[in-house]
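Asks: Take this structure, written in structure tokens, and hold onto it; I'll ask about it next.
Numbering (my numbering), first residue to last: 427 to 714.
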């Protein structure tokens, strides 16, 4: 039986522990804990990367409590002079975070996103996803970083021009991974930045809520049996198996990298006007 076809597209029986910020769209489950989205201590929000996150302001929209992202005209990436969007990490409630640290091999993360009507996509931008790795090195797997790339992983959704979708990934740059990733439909490789997967396999729409989900299964150390899967509105749009997501037994899935901004790094990626998006119904589950 599916627990939820869009936010947690897994069997109810497979859920070991989970949380949700929206009980209306995730059916009641004895091992899924309800959490209010703006109660940061209970949700494990940390490492807020720049100030345009309204984590203490309740935004009510369409019956949902949501985080609101502001993208001022000309804003670009977290290090730009004019900042837009937001960025932070979510460990989840303590019991969920403890499960990630102690035993979790596989998790699924889901949330809803609403782009304002007529959203101007420009060249593209980032959306929230998952991250992990060895200790604090898990936080360093974005932005073109080259150090410790085999000790971390980061998977974020991304929109491109005209709302074209992809999964934007930083994975250990092993020979077996590169060989595997190059075979994925819609793959675009960058030696300095992330590896785009599934580009064009779906599209983002403005003016309506969409459900996004990522499932990640860690590989056994020494084996090429990791998996990542992306879901849009409960439909699997990308599945990549035979991956190495860790080479060290201490590497862990750490939670959500909840980040959004326009970019890219050059001015032609910037938001063409003041605009907004909203994020709601954040949910996660450790599965067996």
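Cβ coordinates follow ideal geometry from the N, Cα and C atoms, glycine included.
(1) Does DSSP put residue 567 in a helix, in a strand, or in coil?
(2) What did DSSP end up calling residue 520 once you bin it into helix, strand or coil?
(3) Could you spell out where the beta strand (DSSP E) holding residue 709 opens and where it closes?
(4) Scan the region 522-558 and note each continuous beta strand (DSSP E) run of 3 residues or more that stays entirely inside, going in chain order.
(5) Just tell me which of 559, 609, 575 has its CA closest to the CA of residue 676.
(6) Measuring CB to CB, does residue 517 end up less than 8 Å from residue 639?
(7) To the nearest angstrom, report how far apart residue 565 and residue 509 are at their CA atoms.
(8) Suppose you measure from the CA of residue 649 to the CA of residue 448; what does that come to, to the nearest Å?
(9) Examine the Cβ distances between the region 656-674 and the region 693-708 and report whether three or more of them are shorter than 8 Å.
(10) Go to residue 606, then tell me how far its alpha helix (DSSP H) extends in each direction, as first and last residue.
(11) Which residue or residues does DSSP assign as beta-bridge partners of residue 632?
(12) Locate the beta strand (DSSP E) running through residue 676, then write down its first and last residues.
(13) Can you tell me which of the three DSSP states residue 618 falls into?
(14) Should residue 501 go down as buried or exposed, given a rule of 16 or more other Cβ atoms within 10 Å for buried?
(15) Quick one, are the C-beta atoms of residue 707 and residue 433 less than 8 Å apart?
(16) For residue 537, which option in 556, 545, 702 has the closest C-alpha, if you only look at C-alpha atoms?
(17) Does DSSP put residue 685 in a helix, a strand or coil?
(18) Have a look at residue 647 and residue 489 and give me their C-alpha separation to the nearest angstrom.
(19) Are residue 597 and residue 583 closer than 8 Å when you measure CB to CB?
(20) Using a Cβ-Cβ cut-off of 7 Å (strictly less than) and excluding sequence neighbours within five positions of residue 457, which residues of its own chain qualify?
(21) Are the beta-carbon atoms belonging to residue 685 and residue 545 less than 8 Å from one another?
(22) Would you mind reading off the limits of the beta strand (DSSP E) that contains residue 469?
(23) Can you round the beta-carbon distance between residue 423 and residue 492 to whole angstroms, since I take them to be within the 8 Å contact cut?
(24) When you compare the region 465-475 with the region 515-533, are there three or more beta-carbon pairs, one atom per stretch, that lie closer than 8 Å?
(25) Run through DSSP, which three-state label would residue 639 get?
(26) May I ask you to list the residues that DSSP assigns as paired with residue 591?
(27) Between 613, 621, 628, 679, which lies nearest to residue 569 when the distance is taken from Cα to Cα?
Replies: According to the structure shown:
(1) Under the three-state reduction of DSSP, residue 567 is assigned to coil, being neither helix nor strand.
(2) Residue 520 sits in a helix when the DSSP states are folded into three classes.
(3) 701-713 is the extent of the beta strand (DSSP E) around residue 709.
(4) The qualifying runs are 532-541.
(5) The candidate whose alpha carbon is nearest that of residue 676 is 559.
(6) Residue 639 is positioned such that its CB atom lies no closer than 8 Å to that of residue 517.
(7) Residue 565 and residue 509: Cα-Cα distance of roughly 20 Å.
(8) Spanning the two alpha carbons is a distance of roughly 37 Å.
(9) Cβ pair count under 8 Å is below three, so no.
(10) From DSSP, the alpha helix (DSSP H) with residue 606 extends over 601-607.
(11) According to DSSP, residue pairing for residue 632 in a beta bridge involves 541.
(12) For residue 676, there is no enclosing beta strand (DSSP E), as DSSP marks it with neither H nor E.
(13) Here residue 618 sits in coil by DSSP.
(14) Buried, by the Cβ-count rule.
(15) Contact annotation: residue 707 and residue 433 have beta-carbon atoms nearer than 8 Å.
(16) Nearest of 556, 545, 702 to residue 537, Cα basis: 556.
(17) Strand, per DSSP.
(18) Taking C-alpha positions only, residue 647 is separated from residue 489 by approximately 44 Å.
(19) In this structure, residue 583 does not lie closer than 8 Å to residue 597 by Cβ.
(20) Answer for residue 457: 441, 442, 443, 444, listed in chain order.
(21) No, the pair does not count as a contact, with Cβ atoms beyond the cut-off.
(22) Boundaries around residue 469 are those of the alpha helix (DSSP H), 466-469, since no beta strand (DSSP E) includes it.
(23) Any property of residue 423 remains undetermined from this structure, which presents the chain solely from 427 to 714.
(24) Yes, they touch.
(25) Three-state DSSP puts residue 639 in a strand.
(26) In the DSSP output, where bridge partners are listed per residue, residue 591 has 585.
(27) Ranked by Cα distance from residue 569, the first of 613, 621, 628, 679 is 621.
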